[in-house]
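Structure first, then comments.
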Amino acid sequence: MSGPQEIRVLVVEDDPVAADAHALYAGRVEGFRVVGVAHSRAAAVRLLDRVPVDLILLDLYLPDGHGLALLRALRAAGHAADVIAVTSARDLAVVREGVSLGVVQYVLKPFAFATLRDRLVRYAEFRGAAGEAAGQDEVDRALAALRAPHPAALPKGLSGPTLEAVTRALREAPAGLTAAEAGAAVGISRITARRYLEHLVAEGRAVRAPQYGQIGRPELQYRWRGGR
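Dropping the structure here:
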């Protein structure tokens with residue numbers, strides 16, 4: 037039986053693979069329980085009408101309307117669930133509008149499990165604050181729980197820009213890439229590319245399998261499986 041303090045999560049994401057990954061990630065964080073997954077604005081509304089939800093992980097690009105349009109409609113209908121935007125949208129005007137509608141965090145795609153876990157843990161800390169603040173410092177501490185002072189650290193020797201480049205190359209190759217092909221696409225060595233590809237596998241955003249059919253040892257083929 038679920039504990040009374042569990043935070044009930046709805047994942048709204050049009051890409052089924054990304055939706056499954058986000059639900060898996062959220063479900064791995066203690067204190068959170070995924071109660072539904074919706075692939076469209078209409079499906080999200082139907083779920084919210086019958087399932088209590090505390091937090092929505094909301095993609096902003098949905099097939100039947102923008103995520104912020106969904107959020108405006110939910111607020112007008114009296115839904116008070118908090119929202120973490122999980123999106124590739126980088127328009128700061130959209131960010132500002134989202135904040136005005138109750139978006140408490142933004143997680144930019146692509147991201148690692150550690151990044152979402154950090155945001156969820158911080159959100160839980162913010163949500164768990166109760167009672168009357170003794171003064172300004174206590175109010176500031178409660179609000180600061182939502183702010184991540186540092187991005188999630190990458191393993192030693194990996195850089196953010198190169199990881200983004202390898203991620204982009206893999207996402208744009210539906211059939212997958214070997215380490216040599218990824219290195220050629222990005223302009224790095226095969227060995228370096230493999231380190232980044234293995235990092236994506238470890239984070240659950242890529243899968244690997246042997247590629248047979250050529251003379252000699254089979255090469256590993258990497259395919260993208262994370263969010264857009």
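Counting from 1 along the sequence shown, just add 36 to a position and that's the residue number in the working numbering.
Just so you know, even glycine gets a beta-carbon here, dropped at the ideal spot from N, CA and C.
Local conformation of residue i per DSSP, three classes
i, result
"L156", "helix"
"G39", "At G39, the pLDDT of 45 sits below 50, so the modelled position is not reliable; the number obtained from the coordinates is stated separately. Coil at G39, not helix or strand."
"L94", "strand"
"R64", "coil"
"V89", "coil"
Proximal residues to residue i (C-beta, below 6 Å), its chain only, five neighbours per side dropped
i, result
"A315", "Because residue 315 is not part of the residues shown, which for the chain are 37 to 264, the question remains open."
"S225", "G219"
"V222", "A201, V202 and A205"
"H75", "D50"
Residue i vs residue j beta-carbon contact at 8 Å
i, j, result
"A87", "V70", "A small correction: the amino acid at residue 87 is Val; Ala does not occupy that position in the sequence shown. In this structure, V70 does not lie closer than 8 Å to V87 by Cβ."
"D118", "V140", "yes"
"D95", "A78", "no"
"V137", "L104", "Note that residue 137 corresponds to Leu in the displayed sequence, not to Val. Taking 8 Å as the Cβ cut-off, L137 and L104 qualify as a contacting pair."
"G67", "I92", "no"
"V265", "R204", "In the structure as shown, the chain begins at 37 and stops at 264. Residue 265 is therefore absent and cannot be evaluated."
"L110", "L83", "no"
"V157", "V65", "yes"
"F149", "Y248", "no"
Per DSSP, cross-strand counterpart(s) of residue i
i, result
"Y258", "L213 and R244"
"T123", "L144"
"H102", "Y97"
"A74", "V48"
"D118", "L91"
"V139", "V119"
Contacts around residue i, its chain only, beta-carbon distance under 8 Å, and the 5 residues preceding and following it disregarded
i, result
"Y258", "L206, G212, L213, T214, A215, A218, L233, L236, V237, A242, V243 and R244"
"L106", "V48, R77, A80, V81, L94 and L98"
"H102", "L96"
Residue closest to residue i, alpha-carbon to alpha-carbon, out of the options
i, options, result
"A295", "L107, L110 and R153", "Lying before the first or after the last residue shown, residue 295 is absent from the chain, which here runs from 37 to 264."
"I120", "A229, V131 and H75", "V131"
"G193", "A229, A148, A116 and P146", "A229"
"T123", "L106, G114 and Y142", "Y142"
"R163", "D90, H75, G63 and A129", "D90"
"P146", "H75, G196 and Y159", "G196"
"T198", "Q41, R231 and Y159", "R231"
Beta-carbon contacts of residue i that lie in its chain and below 7 Å, excluding the five residues immediately before and after
i, result
"P191", "H235"
"P246", "P254 and L256"
"Q41", "G67"
"H115", "L84"
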